[in-house]
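Numbering (my numbering), first residue to last: 943 to 1080.
Even glycine gets a Cβ: it sits at the ideal position worked out from N, Cα and C.
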């Protein structure tokens, strides 16, 4: 879909947690804070090495919406640590029968209106098929 490229570029928003948005700390986040991984939400930019990450969720207290996010754990050059939350849109791939992509697209948009952020048709290579190069490359 060529028309979605421009829309996708303009639809991207800053995915970091906003400074103005409130964070309610869960028991797990309180424990992480005691271990030195405070959530970085505002202040001067920090530079660090990524130690690990984990999937999480985050609730915007103003709108009561729950967002998917990744908790990123960093260590700085001086040995200090911090955690950042990075919002993302979860996704999955679905295979369709040949020439049925547009029908599936239309059905999903109708059925899950307001719940789906975007649908993109992506050509994927079936890795289970025998490679054409296999016979000629040997």
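Assigned exposure category for residue i - 16 Cβ within 10 Å defines buried
i: residue 1027; result: buried
i: residue 1011; result: buried
i: residue 979; result: buried
Per DSSP, cross-strand counterpart(s) of residue i
i: residue 1025; result: 981, 1015
i: residue 1009; result: 1000
i: residue 994; result: 1015
Residue i versus residue j: straight-line alpha-carbon distance, rounded
i: residue 989; j: residue 1014; result: 13 Å
i: residue 1062; j: residue 1021; result: 42 Å
i: residue 1059; j: residue 994; result: 28 Å
i: residue 996; j: residue 1044; result: 35 Å
i: residue 1031; j: residue 1019; result: 31 Å
i: residue 1055; j: residue 999; result: 22 Å
i: residue 1066; j: residue 976; result: 45 Å
i: residue 1070; j: residue 1033; result: 22 Å
i: residue 1047; j: residue 1023; result: 44 Å
i: residue 970; j: residue 1007; result: 20 Å
i: residue 1041; j: residue 1049; result: 14 Å
i: residue 1068; j: residue 1057; result: 29 Å
i: residue 1035; j: residue 1064; result: 9 Å
Residues of its chain near residue i, where Cβ-Cβ distance is below 7 Å and the 5 sequence neighbours each way are ignored
i: residue 974; result: 1025
Spatial neighbours of residue i in its chain, beta-carbon cut-off 8 Å, leaving aside the 5 residues before and after
i: residue 992; result: 1014, 1015, 1016
i: residue 1009; result: 999, 1000, 1001, 1002, 1029
Three-state secondary structure (DSSP) of residue i
i: residue 968; result: coil
i: residue 1033; result: coil
i: residue 1064; result: coil
i: residue 974; result: helix
i: residue 1069; result: coil
i: residue 989; result: coil
i: residue 1054; result: coil
i: residue 1048; result: helix
is_contact[residue i, chain D] using C-beta, thresh 8 Å
i: residue 1008; result: Within the model displayed, chain D is absent; a lone protein chain is all it includes.
Sequence-distant residues of its chain with Cβ nearer than 6 Å to residue i (five each side left out)
i: residue 947; result: Confidence at residue 947 is low in this model, with a pLDDT of 44, below 50, so the placement of that residue should be treated as unreliable; the coordinate-derived value is given next. If we look at residue 947 and ignore the five residues flanking it on each side, it has no Cβ neighbours.
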